[in-house]
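Chemist: Residue 97 in UniProt numbering sits at position 97 of the sequence shown, and the numbers go up by one each step.
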Amino acid sequence: MRDRARSRSRSDDLLGTYVPGTSLLHRCPLWLKALLVLGACLAVMTARDWRFSLCTLALTAAVSAACGLGVRRWARSLRPLLLLVVLLTAYHLVANGPARAADVVLSLLAVVTLTRLLISTTPLPRLIDGLVLLSSPLRLAGVDPERIGLAVSLMIRSVPWLFGVLASLRDAAAARTVRPHPVQLVTPAVISTVDYAHRTGEALAARGLE
């Protein structure tokens, strides 16, 4: 049970999850939040200044605390990026110097935390509805925006499910006093994933969404 909770937490860290609240950011219209986040991300990428990125990162931490999301949750959301941060820092320190390394890494973290604010203060159905609305012009090219929203929704919901499968496989191995190598979990995980995809496809076909 503890492993499953830990796996669920890792999947939440990876994607971010909605946290109910009544803060100003929670009550802000989706289109306005999206514009603010997009504008801030563009500003970070355009400025190309590690000091600006650092200030933006600190601001997202302050906003997260003010919205009731918590600084601890904010910091935990950066954990899945640790390996990438280490690799980028090492590469740019050698290739371009400390200023460039700080700029690249802090810009990445700032953009991630900005998007997490949007995800954490907006229910998933509203995000999907916004994506569908944004994709509406694609109808002119024969693309169904509803299918785009459905595909994104399935992808988002499938990642926590996959983490749960891996946790269940580890639990089953632990019950047999076996500590499997991660590679040994690949085959059963792939079989379970294919079965899940097959059942999902059947459910969609039953609803006329082939």
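Even glycine gets a Cβ: it sits at the ideal position worked out from N, Cα and C.
1. Looking only at its own chain, which residues have a Cβ that is under 8 Å from the Cβ of Ser153, when we skip the five neighbours before and after it?
2. Taking Cβ to Cβ, would you say Thr60 is nearer than 7 Å to Leu114?
3. Starting from Val63, trace the alpha helix (DSSP H) in both directions and tell me its first and last residue.
4. Of the residues Gly21, Leu35, Ser53, which one's Cα is nearest the Cα of Thr106?
5. If you run the structure through DSSP and keep just helix, strand and coil, what is Pro123?
6. Buried or exposed: Val194, going by 16 or more other Cβ atoms within 10 Å of its Cβ?
7. Does the beta-carbon of Asp144 have 16 or more other beta-carbons within 10 angstroms, so that it is buried, or is it exposed?
8. Measure from the alpha carbon of Ser77 to the alpha carbon of each residue in Leu24, Leu93, Tyr18, then state which is nearest.
9. Flag this pair as yes or no: are the beta carbons of Ser135 and Ile148 separated by less than 7 Å?
10. Across the stretch 90 to 102 and the stretch 28 to 42, are there enough close Cβ pairs to call them in contact, namely three or more that are closer than 8 Å?
11. Thinking just about the alpha-carbon of each residue, which of Cys55, His198, Ala65 is nearest to the one in Leu117?
12. Mapping DSSP to helix, strand and coil, what is Ser107?
13. So is Leu140 buried or exposed if we call it buried at 16+ other beta carbons inside 10 Å?
14. Which whole-angstrom value is the C-beta distance of Leu169 and Pro188, which I expect to be below 8 Å?
15. Hey, does Leu24 have any beta-carbon neighbour from chain B nearer than 7 Å?
16. Out of Gly70, Pro20, Leu150, state which residue places its alpha-carbon closest to the alpha-carbon of Gly130.
17. Going by DSSP in three states, Arg4 sits in which element: helix, strand or coil?
18. Mind checking whether Cys67 and Val111 have CB atoms under 7 Å apart?
19. Would a C-beta distance cut-off of 7 Å place Ala90 and Trp50 closer than the cut-off?
Modeler: The structure says:
1. Setting aside the 5 residues that flank it on each side, Ser153 is surrounded in the same chain by Leu124, Ile128, each with a C-beta closer than 8 Å to its C-beta; the list follows chain order.
2. Yes. Within cutoff.
3. For Val63, the enclosing alpha helix (DSSP H) covers residues 50 to 66.
4. According to the sequence provided, residue 106 is Leu. The question's Thr does not apply to it. Ranking Gly21, Leu35, Ser53 by CA distance to the CA of Leu106 puts Ser53 first.
5. Reduced to three states, the DSSP call for Pro123 is coil.
6. With fewer than 16 other Cβ atoms within 10 Å, it is exposed.
7. Exposed: under 16 other Cβ atoms inside 10 Å.
8. Taking only the C-alpha atoms, the option nearest Ser77 is Tyr18.
9. Contact flag set, yes.
10. Touching, no, given that fewer than three Cβ pairs across the two stretches are closer than 8 Å.
11. Taking Leu117 as reference, the option from Cys55, His198, Ala65 with the minimal CA-CA separation is Ala65.
12. Three-state DSSP puts Ser107 in a helix.
13. Its Cβ having fewer than 16 others within 10 Å, Leu140 is exposed.
14. So it is a contact: roughly 6 Å between Cβ atoms.
15. Looking for chain B here will not work: only one protein chain is present.
16. Considering only alpha carbons, the answer is Leu150.
17. Confidence at Arg4 is low in this model, with a pLDDT of 46, below 50, so its placement is unreliable and the value that follows should be read with caution. If DSSP states are grouped into helix, strand and coil, Arg4 belongs with the helices.
18. Taking 7 Å as the Cβ cut-off, Cys67 and Val111 do not qualify as a contacting pair.
19. Contact: no.
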